[in-house]
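Asker:
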Amino acid sequence: MTASIPPPLSGLSSRVPPDTLYFFGDNNFTEWGPLFQHYVPPPFRIPGTSPAYSFGIAGSGSGVPFHWHGPGFSEVIFGRKRWFLYPPDQTPHFHPNETTLAWLQHTYPTLPPAQRPLECTLRPGEVLYFPDRWWHATLNLDTSVFISTFLG
-15 MTASIPPPLS
-5 GLSSRVPPDT
5 LYFFGDNNFT
15 EWGPLFQHYV
25 PPPFRIPGTS
35 PAYSFGIAGS
45 GSGVPFHWHG
55 PGFSEVIFGR
65 KRWFLYPPDQ
75 TPHFHPNETT
85 LAWLQHTYPT
95 LPPAQRPLEC
105 TLRPGEVLYF
115 PDRWWHATLN
125 LDTSVFISTF
135 LG
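In my numbering, the protein residues as written are -15 to 136.
(1) Using the Cα positions of L88 and S44, report the straight-line distance between them to the nearest angstrom.
(2) Count the other CB atoms, across all protein chains shown, that sit within 10 Å of the CB of L123; report buried if there are 16 or more and exposed otherwise.
(3) Would you mind giving the Cβ-Cβ distance between P49 and F78, rounded to the nearest angstrom? I have them listed as a contact below 8 Å.
(4) What residues match up with V111 in a beta bridge as DSSP calls it?
(5) Any contact between the region 23 to 35 and the region 94 to 110? By contact I mean 3 or more CB pairs, one from each, below 8 Å.
(6) Which one of T127, P18 and R117 has the shortest CA to CA distance from G63?
Here it is in structure tokens:
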């Protein structure tokens, strides 16, 4: 998949400090309709679910701390996003008010190898499936544009 940042977003990274930029969540389809009209979702389905899309823009070094929810997919359109995942029966050691970057710098190095999370880095056009109730945290390695598909 080839994508360029739309003109309204192209200058965003130069206007907002990267450590404060993180836009993600319930999106108004009226506002983002033109974007979603051109988006081709991952060709994966779980029977009995319907997709809900969330668009995100985030600065380098931003992310979300460990949390869990229902299943879905995350696709990177621009930039790189690092993922840390634990199965539901393995609660990660973290403080809910600590950023993922702080966790990576302070807690991660102290974890024995058997207690470290599963990890991957998504690049443009790559998709990650996150299973139901799996703990996960993310760290944007660059200014990133991404779409998550929540299956409910």
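Glycine included, every Cβ here is placed at the ideal spot set by N, Cα and C.
Note that this is a predicted model, so its numbers are computed, not measured.
Answerer: Taking the structure as given:
(1) Looking at the two C-alpha atoms, the distance is approximately 14 Å.
(2) Residue environment for L123: buried (at least 16 other C-beta atoms within 10 angstroms of its C-beta).
(3) Contact holds; Cβ gap of about 6 Å.
(4) Under DSSP, V111 takes part in a beta bridge, and its partners are E59.
(5) Contact between the region 23 to 35 and the region 94 to 110 is absent, because fewer than three Cβ pairs lie under 8 Å.
(6) For the set T127, P18 and R117, the Cα lying nearest the Cα of G63 is the one of T127.
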